[in-house]
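I have placed the structure first, in the form of structure tokens, so that the comments after it can refer back to it.
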Amino acid sequence: MEPSITVSNRKPDRRSQAPSPEGTRCLLCDRNLIPWLRVPGDWRRPTLGVSYGVGWCPDCALGRLESRLSADEIEAAYRVPYVPHTPSPTSGFDQSRSRSLLGRLRDRLVGWRVGAPEIDASWVRREFGERPLDVCEIGCGGGRILEAFRSAGHRVIGVEPGAEAREFAHAKDLEVLEGSAESLPAALPTRRFDVVVMHHVLEHCENPIKALENARGLVRHDGVLVLETPNNEAASLRWAGPAWPWLDIPRHLQFFTASSLQRICEEAGFEPWRTDFRGYARQFQVGWIELEQRIACFVRERRGSAPRRAGSDVGRWVLLALTLLAPPRRRYDSVRLLARPSNRTC
Numbered sequence: 059m060e061p062s063i064t065v066s067n068r069k070p071d072r073r074s075q076a077p078s079p080e081g082t083r084c085l086l087c088d089r090n091l092i093p094w095l096r097v098p099g100d101w102r103r104p105t106l107g108v109s110y111g112v113g114w115c116p117d118c119a120l121g122r123l124e125s126r127l128s129a130d131e132i133e134a135a136y137r138v139p140y141v142p143h144t145p146s147p148t149s150g151f152d153q154s155r156s157r158s159l160l161g162r163l164r165d166r167l168v169g170w171r172v173g174a175p176e177i178d179a180s181w182v183r184r185e186f187g188e189r190p191l192d193v194c195e196i197g198c199g200g201g202r203i204l205e206a207f208r209s210a211g212h213r214v215i216g217v218e219p220g221a222e223a224r225e226f227a228h229a230k231d232l233e234v235l236e237g238s239a240e241s242l243p244a245a246l247p248t249r250r251f252d253v254v255v256m257h258h259v260l261e262h263c264e265n266p267i268k269a270l271e272n273a274r275g276l277v278r279h280d281g282v283l284v285l286e287t288p289n290n291e292a293a294s295l296r297w298a299g300p301a302w303p304w305l306d307i308p309r310h311l312q313f314f315t316a317s318s319l320q321r322i323c324e325e326a327g328f329e330p331w332r333t334d335f336r337g338y339a340r341q342f343q344v345g346w347i348e349l350e351q352r353i354a355c356f357v358r359e360r361r362g363s364a365p366r367r368a369g370s371d372v373g374r375w376v377l378l379a380l381t382l383l384a385p386p387r388r389r390y391d392s393v394r395l396l397a398r399p400s401n402r403t404c
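Numbering of the sequence shown is given in our numbering, commencing with residue 59 and proceeding in unit increments.
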């Protein structure tokens with residue numbers, strides 16, 4: 059079943075709904091979710107005989123994993139080679155450009171649509187200026203973004219649940235505490251920060267509203283939240299279905315679009331003031347295509363349904379034609395919000 063996303067302006071009538079399990083209700087409106095996508099297992103652990111379903115709220119444009127995972131299941135899901143636990147954010151797949159003449163032409167075309175830049179020292183200086191700020195990154199992985207802020211002259215601290223990732227960060231002389239977005243270190247809530255970063259973290263949270271409320275408690279009244287997640291309204295998700303690399307089920311538990319990310323921020327006490335999209339050229343790079351192909355093969359071997367075009371280098375030209383001039387919400391694989399604390403109390 060290929061995923062389809064529709065957004066309605068109609069308000070759901072909760073009174074007309076029968077009670078349903080927690081994992082099949084929308085986090086925002088409490089409406090029963092509709093079946094959206096089924097993935098026949100975890101491609102990172104191909105011997106595990108478990109399949110996963112994702113439910114979708116068409117009113118809120120928000121999805122979530124239908125089955126609630128136990129703490130042991132969540133821990134086991136991360137007991138694999140995993141990109142945030144490595145020094146580089148791109149080490150999970152080859153970022154090299156296409157080697158053929160046609161591939162190089164395609165690289166030039168997609169390079170025209172860059173979108174928002176990566177969070178690096180240049181971006182930090184442009185967004186936050188030269189005055190030293192106090193910065194906290196929740197779910198900092200190996201510390202790449204913390205390094206960017208530090209090299210731009212800011213004071214940084216991170217929170218990370220993964221022991222291996224913390225070791226990478228400590229080797230760079232970064233202060234990183236053990237904890238998560240939903241369970242902050244005991245010492246941290248006594249501090250306030252000018253900038254709090256959550257970069258591809260919220261989709262991993264069982265309770266993203268609680269995670270954002272925790273972040274809200276750390277941001278100064280005039281501070282900024284920088285929040286980025288996969289964009290589940292991207293055309294490349296429809297293109298690849300369950301083989302889309304950014305799904306990463308069951309490590310990803312929540313599935314956002316720009317509109318649902320804005321709404322959940324507001325629910326947690328933030329006022330989003332800017333929405334950026336990023337992640338286009340990488341969808342056409344060698345490593346991404348090979349990874350998509352690998353996941354598609356796994357899905358088919360498990361008797362799941364993955365479009366034949368998933369992982370096809372030739373078919374990438376069709377995806378290019380569909381997306382090159384498409385609206386940003388359809389073109390890019392990730393969405394980034396900048397938000398301020400609202401005046402209301404969480």
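Glycine included, each C-beta is placed from N, C-alpha and C at the ideal position.
Note that the structure is predicted; figures quoted are calculated from it, not measured.
Looking at the structure shown, is A384 part of a helix, part of a strand, or coil, going by DSSP?
Coil.
Neighbour-count burial assignment, A354, 16 or more Cβ in a 10 Å radius:
Around the C-beta of A354, 16 or more other C-beta atoms lie within 10 Å, and the residue is accordingly described as buried.
Taking a contact to mean a Cβ-Cβ separation below 8 Å, would you say C323 touches A239 in this structure?
Going by C-beta atoms, C323 is not nearer than 8 Å to A239.
Could you have a look at I92 and say whether DSSP puts it in helix, strand or coil?
Assignment of I92 by DSSP, reduced to helix, strand and coil, places it in the strand class.
Would you please state the rounded distance, in angstroms, between the beta carbons of E359 and A301? I believe it to be under 8 Å.
At roughly 12 Å, the Cβ-Cβ gap does not stay under 8 Å, so E359 and A301 are not in contact.
Who pairs with E236 in a beta bridge, going by DSSP?
DSSP links E236 through a beta bridge to E218.
Please classify A248 as buried or exposed, where buried requires at least 16 neighbouring CB atoms within 10 angstroms.
Ala is not the amino acid found at residue 248; the sequence shown has Thr there. So T248 counts as exposed.
Have a look at V214 and A379 and give me their C-alpha separation to the nearest angstrom.
Straight through space, the alpha carbons of A379 and V214 are spaced by roughly 42 Å.
Quick test of your reading: P243 and E236, contact by CB under 8 Å. State the CB separation rounded to the nearest angstrom.
6 Å between Cβ atoms; contact.
Spatial neighbours of E225 within its chain, please: C-beta separation below 7 Å, excluding the five flanking residues on both sides.
Correct list: empty, nothing qualifies.
Identify the continuous alpha helix (DSSP H) that holds V193 and give its terminal residues.
It is not in any alpha helix (DSSP H) - V193 instead sits in the beta strand (DSSP E) that spans D192 to I196.
E176: which of E188, H257 and C118 sits nearest, CA to CA?
That would be H257, whose Cα lies nearest to the Cα of E176.
How many angstroms separate the CA atom of G211 from the CA atom of F186?
For G211 and F186, the distance between alpha carbons rounds to 10 Å.
Within its chain, find whatever has a CB closer than 6 Å to the CB of C115; leave out the 5 residues flanking it on each side and keep chain order.
Counting only Cβ-Cβ distances below 6 Å, and skipping sequence neighbours, we find C84, R89 and L91.
For S392, which three-state DSSP category applies?
Reduced to three states, the DSSP call for S392 is strand.
In this structure, how does DSSP classify L295 when only helix, strand and coil are distinguished?
Under the three-state reduction of DSSP output, L295 falls in the helix class.
Assumed close pair L285, L305 - CB separation to whole angstroms, cut-off 8 Å:
Taking the Cβ atoms as the reference, L285 lies roughly 19 Å from L305, outside the contact range of under 8 Å.
Using CA coordinates, which residue listed in A364, L283 and C263 is at the minimum distance from R250?
Among A364, L283 and C263, the Cα nearest to that of R250 is on L283.
Span of the alpha helix (DSSP H) holding G365?
The question names Gly, yet the displayed sequence has Pro at residue 365. Going by DSSP, P365 is part of no alpha helix (DSSP H) at all; its letter is neither H nor E.
Reference D130; option with closest CA among T333, P308 and S209:
For the residues T333, P308 and S209, the minimum Cα distance to D130 belongs to P308.
Own chain residues within Cβ distance below 6 Å of T381, not counting five before or after:
If we look at T381 and ignore the five residues flanking it on each side, its Cβ neighbours are A293 and R389.
Alpha carbon to alpha carbon, what distance is there between G369 and R208?
Using only the alpha carbons, I get a separation of about 38 Å.
P266, enclosing alpha helix (DSSP H) - first and last residue:
For P266, the enclosing alpha helix (DSSP H) starts and ends at P266 to L276.
Looking at the structure shown, is E131 part of a helix, part of a strand, or coil, going by DSSP?
The answer is helix: DSSP assigns E131 an H, G or I state.
For V393, the nearest candidate out of R374, Q320, R366 and F342 (CA to CA):
Closest by alpha carbon: Q320.
How would you call N272, buried or exposed, if buried means at least 16 neighbouring beta carbons within 10 angstroms?
Its Cβ being crowded by 16 or more others within 10 Å, N272 is buried.
Tell me the DSSP secondary structure of F356 in three-state form.
If DSSP states are grouped into helix, strand and coil, F356 belongs with the helices.
Nearest to D334 by alpha carbon, out of A134, W94 and W181?
Minimum Cα distance to D334 is reached at W181.
Can you say whether R189 is buried or exposed, counting buried as having 16 or more other CB atoms within 10 angstroms of its CB?
Exposed: under 16 other Cβ atoms inside 10 Å.
How big is the Cα-Cα spacing for I203 and V254?
If you draw a straight line from the Cα of I203 to the Cα of V254, it is about 11 Å long.
Straight-line Cα distance separating C194 from G299
Looking at the two C-alpha atoms, the distance is approximately 35 Å.
From R102, L191, A221 and R96, pick the residue whose C-alpha is nearest to that of C197; which is it?
According to the sequence displayed, residue 197 carries Gly and not Cys. For the residues R102, L191, A221 and R96, the minimum Cα distance to G197 belongs to A221.
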